[in-house]
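Counting the sequence shown from 1 gives a position; this note's numbering is that position plus 75. Yeah, the Cβ is synthetic: ideal placement off N, Cα and C, and Gly gets one too. The block underneath contains the structure these notes are about, expressed in structure tokens.
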Amino acid sequence: DLSADAPQKAKKDLEKAWLHWHQLVFEYGHIFGAASAEQWRDKVRARREQLREERTRKRGEEMRLPPGKIWFEAVGEWKEVPPNAVCPAGLEYRFDMQTGRNFARLC
């Protein structure tokens, strides 16, 4: 389990490991079938998102954020930043001018 205050480098390394894992699952799909690989990937993805949400909630409580504010935990790929989010320093940001939405990722 990665702590909420882990260094950005550790988070980036974890994201690289996650991408490598996706490649392994791709090869697994060639050997054992795509349906089996996708079920495995979905199960792990759901658990990973659950852990991320728990870390986000815990970090928000530790920081004593005001009501209505949430902690944003970035990943290696672009992720939409909710309007009520508090973002850590050191992220790369992108603004979609057509939709008015903000995105961030680890840089």
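So, at 8 Å on beta carbons, what are the nonlocal neighbours of residue i in its own chain, with the 5 sequence-adjacent residues on each side left out?
i, result
"P157", "I145, F147"
"R123", "W93"
From residue i to residue j, what does the alpha carbon distance come to, in whole angstroms?
i, j, result
"R180", "K87", "10 Å"
"K91", "P142", "34 Å"
"K133", "R127", "10 Å"
"A110", "R116", "10 Å"
"V185", "R120", "Outside the displayed range of the chain (76 to 182) lies residue 185, so it cannot be described from this structure."
"W93", "F178", "20 Å"
"L171", "I106", "The sequence shown places Asp at residue 171, rather than the Leu named in the question. Each residue's alpha carbon lies about 40 Å from the other."
"A81", "T174", "32 Å"
"K84", "N159", "26 Å"
"G108", "R139", "47 Å"
"E102", "E137", "41 Å"
Nearest CA to the CA of residue i: which residue from the options?
i, options, result
"Q114", "V100, E124, L126, Q125", "V100"
"W153", "R139, A160, R169", "R169"
"G165", "A149, M172, E137", "A149"
"E167", "T174, G151, R116, E129", "G151"
"P163", "Q98, G135, V119", "G135"
Within a Cβ cutoff of 6 Å, which residues of the same chain sit near residue i, ignoring the five residues on either side of it in sequence?
i, result
"G104", "A112"
Indicate whether residue i and residue j have their beta-carbon atoms separated by less than 9 Å.
i, j, result
"E155", "R176", "yes"
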